[in-house]
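Single-structure report; data block below.
Residue numbers (this note's numbering), protein chains in the order written: chain A, 1301 to 1541; chain B, -6 to 199.
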């Protein structure tokens, strides 16, 4: 009986390199030396385990989880999809955490000083666990684009930050979700740090009218793929043998 | 044409950006939203072993503290067991072995309380010296950086650690060793992470 073994080597050829000079902050925050590649040990194939006791049911509803006097202002959307691994298997119990600006592009963060106002009924973060099929969903408002100090007239496309845990620390992922059709995507140096067009396309959530709720919310579908792992048909001496 | 392999490709990373705290540590962003934030207590109250504190800075290539970094720690308990179903052995109730660390926004100093992990079985019958796995994300970091923290008072174990042994240059090995200090009765390990340049920390592709 094959047992799960090591994770597939991360394909660094499609990942953004540490140094992407058009994204200026990366210039002083990128290591000069190459990464040292490690074979998996217990330290990499394990990772924190989360359960329903860690979160609350309302945590995935950004329209309600910070509503004080009413609902937040903005385009009501559902973001949903599946967490899969590279072998197309569903990743169950994956903790997915998201954060985003409000409809005007303003973050609820003491360091954000953009002149667009904070929405008193919008916090901007949510979290959930994928189910038996790897499925997850959030309800939120569509974030607005916002300016940032890269060049003087740089604007981030509308995006939602996404953090995912699989079953292993080796699968840890932080990325960003963009929205189909946004003309700012092609202009963004953070997006364009990714050297592979297919990999960028995978970051763009698609409008999903089938999942939209008539007269209520528009849906976008965003599938997330985490690293897959081998089945050890032949012993590869992972641990203690 | 050969057959196609039907593997998917891993979703690629993007920087966590300057406001990562909103999602992963909203209290630090300045608001309270969840019943409990995750990752605040690594060891829990019942775990055995030596209680320690780890403190340091993350520096960029100009020696400036990186104040908007978020660090996650992943470690075994004092017996060298990870709180994970694929690692044989039990951990104490409440021991998760995982935590989130946010530096002070003004000084850039980070600190966290945990317990000193035990040695963990490595590959092919080897034993890894006690270590804490660290993962860093921040504005300007396009894909999370993995490194390890080892302990200065584990010299013998460090000398035979199979991962440290992969680092060709001894001076680079030293970038992963946290320095033990006593502050009154408290054990504090000092560990700076240098993203770039002189004394650059070793980062791993795991």
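Glycine included, C-beta positions come from ideal geometry on N, C-alpha and C.
Go through its chain and collect everything with a Cβ distance to residue i's Cβ below 7 Å, but skip five positions before and after it.
i	result
residue 150 of chain B	112, 122 and 123
residue 1529 of chain A	1304, 1305, 1306, 1307 and 1308
From the DSSP output, in three-state form, read off residue i for me.
i	result
residue 1474 of chain A	strand
residue 1516 of chain A	coil
residue 100 of chain B	coil
residue 1469 of chain A	helix
residue 1541 of chain A	The pLDDT assigned to residue 1541 of chain A is 35, lower than 50, so where the model puts this residue is not dependable; a value taken from the coordinates is nonetheless given after this. Coil at residue 1541 of chain A, not helix or strand.
residue 1545 of chain A	The requested residue 1545 of chain A is not part of the displayed model; chain A covers only 1301 to 1541.
residue 135 of chain B	coil
residue 45 of chain B	strand
residue 1326 of chain A	helix
residue 1306 of chain A	strand
residue 1459 of chain A	strand
residue 168 of chain B	helix
residue 8 of chain B	coil
residue 22 of chain B	helix
residue 1390 of chain A	strand
residue 1409 of chain A	coil
residue 198 of chain B	strand
residue 1359 of chain A	helix
residue 58 of chain B	strand
residue 1344 of chain A	helix
residue 1498 of chain A	helix
Kindly list the residues whose CB is nearer than 6 Å to the CB of residue i, restricted to its own chain and excluding five residues on each side of it in sequence; keep chain order.
i	result
residue 1540 of chain A	With a pLDDT of 46 at residue 1540 of chain A, under the threshold of 50, the modelled position of that residue is not reliable, and the figure given next carries that caveat. None.
residue 154 of chain B	121 and 122
residue 1381 of chain A	1521, 1522 and 1523
residue 1435 of chain A	1382
Out of the options, state which residue places its alpha-carbon closest to the alpha-carbon of residue i.
i	options	result
residue 1390 of chain A	A:1409, A:1532 and A:1527	A:1527
residue 1451 of chain A	A:1311, A:1309, A:1321 and A:1306	A:1321
residue 1426 of chain A	B:-6, B:29, B:3 and B:-5	B:29
residue 44 of chain B	B:70, B:141 and B:81	B:70
residue 87 of chain B	B:107, B:146, B:56 and B:117	B:107
residue 1347 of chain A	A:1400, A:1362, A:1331 and A:1393	A:1393
residue 1399 of chain A	A:1442, A:1385, A:1329 and A:1341	A:1442
Drop a sphere of 10 angstroms on the beta-carbon of residue i, count the other beta-carbons inside from all chains shown, and report buried for 16 or more, exposed for fewer.
i	result
residue 1407 of chain A	buried
residue 98 of chain B	exposed
residue 1480 of chain A	exposed
residue 0 of chain B	exposed
residue 1461 of chain A	buried
residue 102 of chain B	exposed
residue 1542 of chain A	Because chain A in this structure spans residues 1301 to 1541, residue 1542 of chain A falls outside the shown range and cannot be described.
residue 1463 of chain A	buried
residue 182 of chain B	buried
residue 55 of chain B	exposed
residue -4 of chain B	exposed
Take residue i and list the residues in its own chain whose beta-carbon comes closer than 8 Å to its own, dropping the five residues that flank it on each side.
i	result
residue 63 of chain B	9, 13, 14, 17, 18, 93, 94, 95, 129, 130 and 131
residue 1301 of chain A	Confidence at residue 1301 of chain A is low in this model, with a pLDDT of 44, below 50, so the placement of that residue is unreliable and no value is reported for it.
residue 1375 of chain A	1403, 1441, 1442 and 1518
residue 1326 of chain A	1318, 1319, 1320 and 1493
residue 1511 of chain A	1378, 1380, 1519 and 1521
*Which residues, taken in chain order from the segment 1353 to 1367 of chain A, show a beta carbon closer than 9 Å to some beta carbon of chain B?*
1354, 1355, 1356, 1359, 1365 and 1366
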